[in-house]
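Here's the structure, in structure tokens; my notes come after.
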Amino acid sequence: MGKVDVRHVWAAVLLATLVVMSPAAGAEEKSRLDVVLERGKLIVVTLTTVPPFAFNDEKGQLVGFDIDIARLLAQALFKDPTKVEFVSVTAEGRWPAIESGRADMGVGGTTTYPDRAIRVAFTRPFIDSGISILVSKKSGIKTVADLNQDKFTVASLNNPQMADRAKRFFPKAKALTFDTPAAQFLAVRSGRATALQIDTPSAEYWAAQNKDELEVLPGLLGASQNNGVFMKPGDFKWWLWLDTAVAELRTGSWYPQYAEIYQKWFGKNPPPQKFYLSQ
Amino acid sequence: MSFARWVSIYGSTYWTGLAWTAFIALWASFGAVVWGCVLLLIRLSAGRWGARGVDAYVQLFRNTPVLLPIYLIYFAFPMIGLPWPAVVCGGLALILQNGAYISEVLRGSVNAIDRVQFDAARSLGLAPWGTFRKVVLPQVLVYSLPALGNQVVLLLKDTSLLSAISITELTMQAKLLTEQTGAAYEAFIVVALLYLVLVSSTEVLFRVAHHAVRWR
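Those protein sequences? They're chains C and V, same order as listed. Letter by letter, the first sequence follows residues 3 to 281 in my numbering. Letter by letter, the second sequence follows residues 7 to 222 in my numbering.
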């Protein structure tokens with residue numbers, strides 16, 4: 003081997019960067035559905051710090067409602083719920099993981115927003131969500147309005163929807179921004195923050211785990227929301243399969259399996275299969 | 007959207023992140039060098055138990071990732087009634103860790119000083135503190151300059167971990183922009199270039215300093 007010319011190295015780096023950035027890269031004809039079936043395994047990007055959706059239990063196993071949803075999808079694809087590989091990321095890592103094709107799809111307490119749907123495609127919702135406020139009991143806060151004082155601090159996640167809600171509902175309170183729900187939770191428990199805003203099921207889970215210290219304020223911060231499966235936009239066949247599968251889980255032939263995991267994680271029955279059918 | 011267009015729209019949002027990174031790196035580097043000197047002084051002057059204490063301290067910080075003290079200080083200190091701001095906690099964690107490394111770097115340079123100088127200092131009537139301040143420290147800092155520059159570069163890069171405790175330095179800024187725009191590659195390439203500029207200028211600074219003091 004001769005000496006490596008530094009200019010060649012730079013040229014290679016530049017070329018690699020251009021390839022990564024160019025829109026033509028990764029323009030594949032084949033649908034992800036076929037790729038997944040051929041591979042015999044589903045690759046799912048997920049958060050790992052949002053109980054009860056996706057989190058590590060005492061044994062270090064990745065568990066949760068959203069994890070079970072992914073397993074049901076694997077069951078439908080391969081007749082085997084274990085044929086899933088989970089890729090754990092932080093909140094902002096979800097989008098590049100999908101965009102780059104590293105994962106086939108994503109779950110993990112991920113809410114559908116119109117502005118998010120510009121860059122990732124969502125299926126119909128597989129669970130209702132909303133944003134609630136979790137406060138430390140010591141604070142004496144009883145309503146969201148109480149929170150709007152400059153002596154209080156609210157922990158949020160680093161997404162623009164969280165920042166917008168903070169400005170709208172408690173503009174006077176101080177804001178802290180974290181990259182994981184676990185860090186938000188730690189901030190409230192350690193006294194760094196008075197309260198945090200998070201998906202309602204997560205808030206309820208943490209409140210149930212820490213009955214003496216924490217409680218969820220009544221009412222939602224804004225509207226009821228939808229959590230869905232997300233994927234790279236533009237692949238109709240793949241999107242259609244996922245959306246159909248979610249519809250079957252939520253309102254169709256796989257409703258019993260759906261009800262089972264709903265019971266397991268939330269301790270209550272899911273919303274009725276169809277609004278015109280009595281339970 | 008082209009890279010150039012993306013930078014023209016969102017480029018200006020990086021200024022605060024750049025300022026925070028530079029600010030924390032600057033004061034934490036200064037603190038780490040001072041703390042490293044203090045540890046060296048303890049090692050040289052506080053007898054066998056002093057040296058063992060410093061050894062234990064260095065081992066503790068050298069064998070744990072810096073994210074741990076960052077989390078511990080930020081999240082645990084409020085529980086014992088010390089709710090210091092994130093910048094102080096993060097900076098302190100960097101100082102404690104890098105101070106340990108720097109004290110080791112300086113110790114290496116102490117060994118490069120001719121033993122005769124210590125005898126000379128004593129015969130001139132210098133107390134141990136005077137010897138340390140007037141004889142040891144000036145030489146040690148000069149000998150150690152290149153290695154210190156290295157450590158400051160490492161510290162500078164470690165400031166990216168402070169995004170975990172809600173400091174909006176460069177890495178946090180890139181995370182926020184990724185969440186906001188979905189453009190992960192653009193956001194992080196810009197940050198990479200900014201770190202490159204910061205680190206290169208630090209290296210140049212230390213090289214200039216080294217040249218300035220070398221021929222004294």
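Positions of the beta carbon are idealized from the N, C-alpha and C atoms, including for glycine.
{"Asked": "Contact the segment 108-124 of chain C vs the segment 185-192 of chain C: 3+ CB pairs below 8 Å", "Found": "no"}
{"Asked": "Interface flag, C/Thr179 vs chain V, CB-CB below 7 Å", "Found": "yes"}
{"Asked": "8 Å Cβ shell around V/Leu161 - same chain, five flanking residues per side excluded", "Found": "Ala31, Ala34, Ser35, Ala38, Leu100, Asn104"}
{"Asked": "Between the CA atoms of C/Gly108 and V/Leu73 - distance to the nearest angstrom", "Found": "27 Å"}
{"Asked": "Residue range of the beta strand (DSSP E) that includes C/Gln199", "Found": "197-201"}
{"Asked": "Rounded C-alpha distance that separates V/Phe9 from V/Gly17", "Found": "11 Å"}
{"Asked": "Three-state secondary structure (DSSP) of V/Ser172", "Found": "coil"}
{"Asked": "Alpha-carbon spacing of V/Ala153 relative to V/Leu143, whole angstroms", "Found": "15 Å"}
{"Asked": "CB contact below 7 Å: V/Pro84 versus chain C", "Found": "yes"}
{"Asked": "Which of helix, strand or coil DSSP assigns to C/Gly108", "Found": "strand"}
{"Asked": "Proximal residues of chain C, C-beta to C-beta of V/Gln223 below 7 Å", "Found": "Shown here, chain V extends from 7 to 222; a query on residue 223 of chain V therefore has no answer."}
{"Asked": "For C/Thr50, the three-state DSSP class (helix, strand or coil)", "Found": "coil"}
{"Asked": "Beta-carbon proximity list for V/Thr184, same chain, < 7 Å, skipping 5 on both sides", "Found": "Ala190, Ala193"}
{"Asked": "Opening and closing residue of the beta strand (DSSP E) in which V/Ala82 lies", "Found": "Here V/Ala82 belongs to no beta strand (DSSP E), and DSSP marks it neither H nor E."}
{"Asked": "Boundaries (first-last residue) of the beta strand (DSSP E) holding C/Lys176", "Found": "176-180"}
{"Asked": "Terminal residues of the beta strand (DSSP E) in which C/Ser134 lies", "Found": "133-138"}
{"Asked": "Cβ pair count under 8 Å reaching 3, the segment 168-185 of chain C against the segment 169-177 of chain V", "Found": "yes"}
{"Asked": "Residue from C/Glu60, C/Gln211, C/Gly224, C/Thr253 whose Cα sits closest to the Cα of C/Phe277", "Found": "C/Thr253"}
{"Asked": "Closer than 7 Å to chain C by CB, V/Phe124", "Found": "no"}
{"Asked": "Residue burial classification, C/Lys266 (beta-carbon count within 10 angstroms, cutoff 16)", "Found": "exposed"}
{"Asked": "C/Phe57: first and last residue of the uninterrupted beta strand (DSSP E) it sits in", "Found": "56-58"}
{"Asked": "Interfacial residues, the segment 107-125 of chain C to chain V, with Cβ spacing under 7 Å", "Found": "Arg121"}
{"Asked": "Per-residue contacts from C/Pro203 into chain V (C-beta, under 7 Å)", "Found": "What C/Pro203 touches in chain V: nothing, since even the nearest Cβ is about 21 Å away."}
{"Asked": "The segment 230-253 of chain C: positions lying closer than 9 Å to chain V by Cβ", "Found": "none"}
{"Asked": "Segment limits, alpha helix (DSSP H) that includes V/Gln145", "Found": "143-164"}
{"Asked": "Option in V/Asn69, V/Val159, V/Tyr149, V/Ala57 with minimal Cα separation from V/Ile119", "Found": "V/Tyr149"}
{"Asked": "Contact under 7 Å by Cβ, V/Gly42 with V/Leu112", "Found": "yes"}
{"Asked": "Contact belief for C/Asn228 with C/Thr113 at Cβ below 8 Å, rounded distance in angstroms", "Found": "7 Å"}
{"Asked": "Delimiting residues of the beta strand (DSSP E) encompassing C/Ala157", "Found": "155-159"}
{"Asked": "Within 7 Å, strictly: CB atoms of C/Thr196 and C/Ser141", "Found": "yes"}
{"Asked": "Beta bridge counterpart(s) of C/Ala123 as assigned by DSSP", "Found": "C/Met233"}
{"Asked": "Of the listed residues C/Asp152, C/Val15, C/Leu35, nearest to C/Ala238 (C-alpha basis)", "Found": "Here residue 238 of chain C is Phe; the residue named in the question, Ala, does not match the sequence. C/Phe238 has its Cα closest to that of C/Leu35, out of C/Asp152, C/Val15, C/Leu35."}
{"Asked": "Segment contact flag, the segment 82-89 of chain C with the segment 43-50 of chain C, C-beta cutoff 8 Å, min 3 pairs", "Found": "yes"}
{"Asked": "For C/Lys234, the nearest candidate out of C/Phe80, C/Glu31, C/Pro98 (CA to CA)", "Found": "C/Pro98"}
{"Asked": "C/Ser192 and V/Phe81 closer than 7 Å at C-beta", "Found": "yes"}
{"Asked": "Cβ-based neighbour list, C/Val65, same chain, cut-off 6 Å, excluding 5 preceding and 5 following", "Found": "Asp59"}
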